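To keep things clear, I will list the structure first and then write my remarks on it.
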Amino acid sequence: IRCQILHSHSRKYSVGLYRHYEDVNNMVQVLEILLWDAKACLVLLLPFHVEKLAPLEKLLTPELISERLIKASVSSLAVSLPKANISSSLSQQKALPALGLTDAWDPEAADFSGVSDKGNGRVHLAGTLHWASLELATQAGKGEADLDEENVEKAKLFYADHPFIIMGEVVHDEL
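Now the structure itself:
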């Protein structure tokens, strides 16, 4: 997800312990924010300077992201993200048949009549849609709350005031 920043004077900071890495060669900061008791996480790629995101796209391979997260260390950060609500939808009409689910749309072959006790005869899919939403808010993804005063005072600033890239990852399969 690409996030364009809308400037706001009401920024708040979330101070905590986060995994963070500064890739000086590629001029990008990598931040991992754990969510839902570490069952999922957000990974943010923030360029050092205001620039187009296209150069960062070459870093968007699983191997390169994993390599940077391995290099990340836990440090005290004051994180400032814009308040945003991002949503996306994607039609599954072509993707699911490519994965082998071909009969679900065929009125003669499909039979989903067991999903409802109403209706007569066979039920088939007319369409499928995947919808996702992400809300960035000051309460979301706070770091560990048990910070001593020294760590809070020495917190490094992660200030997302220009375009960045957000990726989500499920950490545990049972989620």
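Residue numbers (UniProt numbering): 1 to 175.
In this text, a Cβ means the ideal position worked out from N, Cα and C, and glycines have one as well.
Keep in mind it's a predicted model, so treat the numbers as computed, not measured.
Residue i: CB within 7 Å of a non-hydrogen atom of the ligand PLP
i: C41; result: In the structure shown, the ligand PLP is absent, as is every other ligand, since no ligand is present at all.
Beta-carbon contacts of residue i that lie in its chain and below 6 Å, excluding the five residues immediately before and after
i: L44; result: L31, F164 and I166
i: Q29; result: E22 and L46
i: V50; result: H162
i: K169; result: Looking at the sequence shown, residue 169 is not Lys but Glu. Hits under 6 Å: C41.
i: P107; result: H124
i: E135; result: N85
Neighbourhood of residue i by C-beta distance below 7 Å, restricted to the same chain and skipping five residues each side
i: W105; result: H124 and L125
i: A72; result: R19, H20, Y21, V30 and E32
Residue range of the alpha helix (DSSP H) that includes residue i
i: L17; result: Run containing L17: none in the alpha helix (DSSP H); it sits in the beta strand (DSSP E), S14 to D23.
i: L99; result: That residue, L99, is in no alpha helix (DSSP H); it is neither H nor E in DSSP.
Beta-bridge partners of residue i, as assigned by DSSP
i: F48; result: According to DSSP, F48 bridges with nothing at all.
i: H130; result: L90
i: N85; result: E135
i: E169; result: C41
Classification of residue i by the beta-carbon crowding that lies within 10 angstroms, buried from 16 upward
i: A98; result: exposed
i: V79; result: buried
i: L64; result: exposed
i: L129; result: exposed
i: L60; result: exposed
i: F112; result: exposed
i: F158; result: buried
i: G121; result: exposed
Beta-carbon gap between residue i and residue j smaller than 8 Å
i: S88; j: A160; result: no
i: K156; j: S91; result: no
i: G114; j: Q93; result: no
i: D42; j: L53; result: Note on identity: in this sequence residue 42 is Leu, with Asp being the wrong assignment. Cβ distance not < 8 Å, so L42 and L53 don't count as in contact.
Terminal residues of the beta strand (DSSP E) in which residue i lies
i: E57; result: First-last for E57: undefined, no H or E at that position.
i: L31; result: V28 to L35
i: S76; result: S73 to S80
i: L157; result: K156 to Y159
Nonlocal neighbours in the same chain, by C-beta distance under 8 Å from residue i, ignoring five residues either side
i: residue 176; result: Because the chain in this structure spans residues 1 to 175, residue 176 falls outside the shown range and cannot be described.
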